[in-house]
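Chains as they are written, first to last, in numbering that gives the first Met the number 0: chain X, 0 to 150; chain S, 0 to 287.
The beta-carbon is built from N, C-alpha and C at its ideal position, and this holds for glycine as well.
Read through the structure below, which is laid out as structure tokens, and then see the notes.
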Amino acid sequence: MQITMTVNGTEVTAEAEPRTLLVHFVRDTLKLTGTHWGCDTSNCGTCVLLMDGEPVKSCTVLAAMAAGREIRTVEGLAQNGELDVVQKGFMAEHGLQCGFCTPGMMMSARALLDRNPDPSETEIRTAISGQICRCTGYATIVRSIRWAAAQ
Amino acid sequence: MQVPAPFDYARAESVEDALTLLQRHGPESRVIAGGHSLLPMMKLRLARPEWLIDINDLFELDYLVEDGDVLRVGALTRHATLLGSDLIAGKLPIVTDAERVIADPVVRNRGTIGGSLCQADPAEDLSTVCEVLRAQVVIRSLDGERVVSMEELHRGPYETAVEQDELLTEIRFPIRPRTGSAYEKVERRVGDWAVAAAGASVTLADDGTIADVAIGLTSVGLDGRTATRAEDALRNAPPSEEAFTAAAELAKQDCDPVADQRGPVDYKRHLAAELTKRVLRRAVERAR
């Protein structure tokens, strides 16, 4: 089937099977490999991207279900060659080690700051509670998001 | 890589359209809303529909309305909406308690109350909550609609009264004066199923005694989900720590948990009693 959606501000149309998951559509069809593919079971959260501004686990959304909606991936964070404040925060506060969970963490952080520009540590921890960092770098991830909020 | 088996996809534009599509595509068609129960089951081939009818565009099923002494909730209302609602927190705090511990915040952005009830997973929190609140659900077909109780809705694990060509469209919660409710769950980590959970709703009489009470337990093998002996023991009694302990003991005896990776039987029974006490205390506080 033909699937049309807006990805990082640009309308894209591509052919995909109805069973194609959004994470694979984004990575394999659109070649946007910044969104990572992890557990496949909506547990790990590395595939989190924004659909109509809300974080979703893209391994548990069909590409067909995203048709007509606004998708934002980690590639859409930087604007006009300048990194998003969330990305700067992850650099400043060492918010990543291996980097596997990072895209999902940053997209959840972006969505959190969009609706709550000054989140408490508890609110940050709640917002990323469905996402796993196997390097266990949660303390620096939380600090990175706090850093971004403070800017 | 886990992907579902092939199927055909249609997006419904209205309730009428969804019902027509379900009828047209027959027994192998299924409705998909949030998809966070159905898609994992399809990946594992535990479900293998030939048609998926996507109802995410049915915005007319996404609402929270106070209507006299009933709070009507559209079946497509997301968990995140329920958690964020001041109306729900004020009138039905047990729902807010439960939503805080259902899955995780990202999953709550997609999952819906109607999907949770139709999944009918025996370990699912909102089913217990709806039993405790004595909710009714509206089931619609092309021929009309019917209203059924939770007991009628849930026929068994993963089995409901919603027929293949029907759609659960609304959940109706009675709002009672001088009533408080609460839910508490013990889980191993965020997003996991409950080791055990309990919910209670308490209505106080003018003299401060318990006029009515409902106690529900999740994941501990309680037949019908409500602890009727514990409820009977509390009805017309003054709320007290002794009464809660006695009721909790009855609830503990009436449950029948199985040992699994979430814990042994005696631990789950202990939780059933302890959580029953805690939710009774909190429900009574909120009723005052």
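Check                                                                                                                      : Outcome
Whole-angstrom distance between R277(S) and P3(S), CA atom to CA atom                                                      : 42 angstroms
Near-chain X residues of the segment 71–96 of chain S (beta-carbon distance less than 7 angstroms), N- to C-terminal order : none
Supposed close pair A282(S), S200(S) - CB separation, criterion 8 angstroms                                                : 6 angstroms
Distance CB(E130(S))-CB(G215(S)) smaller than 8 angstroms                                                                  : yes
Proximal residues of chain X, C-beta to C-beta of V100(S) below 7 angstroms                                                : The contacting residues do not exist; V100(S) stays about 11 angstroms from chain X at best.
Between the CA atoms of T59(X) and G34(S) - distance to the nearest angstrom                                               : 7 angstroms
Inter-residue spacing [alpha-carbon to alpha-carbon] between S128(X) and G75(X)                                            : 23 angstroms
C-alpha gap between V84(X) and W146(X), whole angstroms                                                                    : 9 angstroms
Test: Y8(S) CB closer than 8 angstroms to a CB of chain X                                                                  : yes
Sequence-distant residues of the same chain with beta carbon closer than 8 angstroms to L20(S), five excluded per side     : A9, A11, S28, W50 and I52
For Q1(X), the residue or residues it bridges with in DSSP                                                                 : E14(X)
Contact with chain S by P116(X), beta-carbon distance below 8 angstroms                                                    : no
Coil, strand or helix - H153(S) by DSSP                                                                                    : strand
Chain-ordered chain X contacts of Q118(S) [CB-CB under 8 angstroms]                                                        : Per Cβ cutoff of 8 angstroms: no residues; Q118(S) is ~14 angstroms from chain X at best.
Listed by chain order, chain S residues near S107(X) by CB distance under 9 angstroms                                      : P104 and V105
Closest residue to L125(S) among G110(S), V105(S), R77(S) and V94(S) (Cα-Cα distance)                                      : V94(S)
Residues near R268(S) in its chain [Cβ-Cβ closer than 6 angstroms; skip 5 each side]                                       : K251
Expected contact under 8 angstroms - CB spacing of S180(S) and R285(S) to nearest Å                                        : 7 angstroms
Buried/exposed call for L81(S), threshold 16 Cβ in 10 Å                                                                    : buried
When A232(S), L75(S) and V257(S) are compared against A245(S), the one with the closest alpha-carbon                       : A232(S)
A193(S) versus I101(S) - alpha carbon distance                                                                             : 9 angstroms
Cβ-based neighbour list, D211(S), same chain, cut-off 6 angstroms, excluding 5 preceding and 5 following                   : T202
Cα-Cα separation, R133(S) to F89(X)                                                                                        : 48 angstroms
A88(S) versus V136(S): straight-line alpha-carbon distance, rounded                                                        : 20 angstroms
A91(X) vs P116(X) beta-carbon contact at 8 angstroms                                                                       : no
Residues from the segment 5–18 of chain X in contact with chain C, defined by Cβ distance under 8 angstroms                : Given the protein chain composition of this structure (X and S), no chain C is represented.
Closest by C-alpha distance to I54(S), when choosing among P26(S), D259(S) and G114(S)                                     : G114(S)
Cα-Cα separation, F58(S) to D66(S)                                                                                         : 19 angstroms
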